[in-house]
Amino acid sequence: AADGSDESGHEPAGRSVAPLPGHLDHHCTDVWWIFVLIAALAVLYVPSLQAIQNGDMSKFMRGFDYQGRMCGRDLCDNGEVCGRFVYFCSRVGEEGIDTLHPICVDSCPTSNLTSHVCYDEQTLSTVSVPDWPTEEFNMKCLQKSHAARETQEHERKRLAGDMTRFKDAAGTPGLLLDCIASLTKARVHLVIVIFVANALAWF
368 AADGSDESGH
378 EPAGRSVAPL
388 PGHLDHHCTD
398 VWWIFVLIAA
408 LAVLYVPSLQ
418 AIQNGDMSKF
428 MRGFDYQGRM
438 CGRDLCDNGE
448 VCGRFVYFCS
458 RVGEEGIDTL
468 HPICVDSCPT
478 SNLTSHVCYD
488 EQTLSTVSVP
498 DWPTEEFNMK
508 CLQKSHAARE
518 TQEHERKRLA
528 GDMTRFKDAA
538 GTPGLLLDCI
548 ASLTKARVHL
558 VIVIFVANAL
568 AWF
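Reading the sequence shown from the start, the letters are residues 368 to 570 in the working numbering.
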């Protein structure tokens, strides 16, 4: 009926206006997908735990040289594994360091009495460049007055703390229970929002 009443002349419950053409009453249709999501999380739990326990997490901390080789893992030009530290050479004939062409070294230089073969943008070739005094930090060789030290130290501590907390949680069933509790809480919150929205629409 155009006025929204049924055949008995009574107003349908919960409706104060006539329905629009093609109107359908909405209801929850994705409840079963919650169980699909839980199953997917359960499937991912085992390989994730294996990766944390048996994988090489140092890959997240290692750097690359200017040729894209991972320090401490890939082979360098001499056929041996590249050094595990990233070192930024001095600029040839200029002040400062060349941050665009890092190299891999076995140990960080501690004085300017040594040198390394570095890339020179002007000649497009490699040349021997005197070293900067540096310190080992987060798989990198940083100048003792490097401005980014405090920022990197903060990020390293934060990452280490996050990895430790996740590793501790991953070793217990509590992680899966936390996921289930979070999904349940989100569902309850959604139901409350729908109820409040309907109540506001009614009044």
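We treat Cβ as the ideally placed atom computed from N, Cα and C, and that holds for glycine. Owing to the predicted nature of the structure, the values given are computational and were not obtained by experimental measurement.
Over the uninterrupted beta strand (DSSP E) stretch that includes residue i, give me the two end residues.
i: Tyr486; result: 482–487
i: Leu509; result: 507–510
i: Ile470; result: 470–472
i: Glu503; result: 501–504
i: Pro497; result: 492–497
i: Phe455; result: Careful: Phe455 lies outside any beta strand (DSSP E) and carries neither H nor E.
Between which two residues does the alpha helix (DSSP H) carrying residue i extend?
i: Gln417; result: 398–421
What is the DSSP secondary structure of residue i, reduced to helix, strand or coil?
i: Gly376; result: Confidence at Gly376 is low in this model, with a pLDDT of 48, below 50, so the placement of that residue is unreliable and no value is reported for it.
i: Leu442; result: strand
i: Ser425; result: helix
i: Leu567; result: helix
i: Met437; result: strand
i: Val459; result: coil
Once the 5 residues before and after residue i are set aside, which same chain residues still bring their CB inside 6 Å of it?
i: Phe431; result: Met437
i: Cys456; result: Asp465, Cys485, Val496
i: Arg554; result: none
i: Cys508; result: Phe452, Tyr454, Cys475, Thr501
i: Gly463; result: none
i: Thr481; result: Asp498
i: Leu557; result: none
Can you find the residues in the same chain that come closer than 8 Å, C-beta to C-beta, to residue i, ignoring five residues on each side of it along the sequence?
i: Leu550; result: Ile401, Leu404, Ile405
i: Ile547; result: Ile405
i: Asp441; result: Val448, Cys449
i: Lys511; result: Pro500, Thr501, Glu502
i: Asn479; result: Pro497, Asp498, Trp499, Pro500
Could you name the residues of the same chain whose beta carbon sits closer than 7 Å to that of residue i, not counting the 5 residues immediately before and after it, in chain order?
i: Val472; result: Gly450, Phe452, Tyr454, His483, Cys508
i: Ala409; result: Leu543
Would you say the stretch 400–415 touches the stretch 448–460, given that touching needs at least three Cβ pairs under 8 Å?
no
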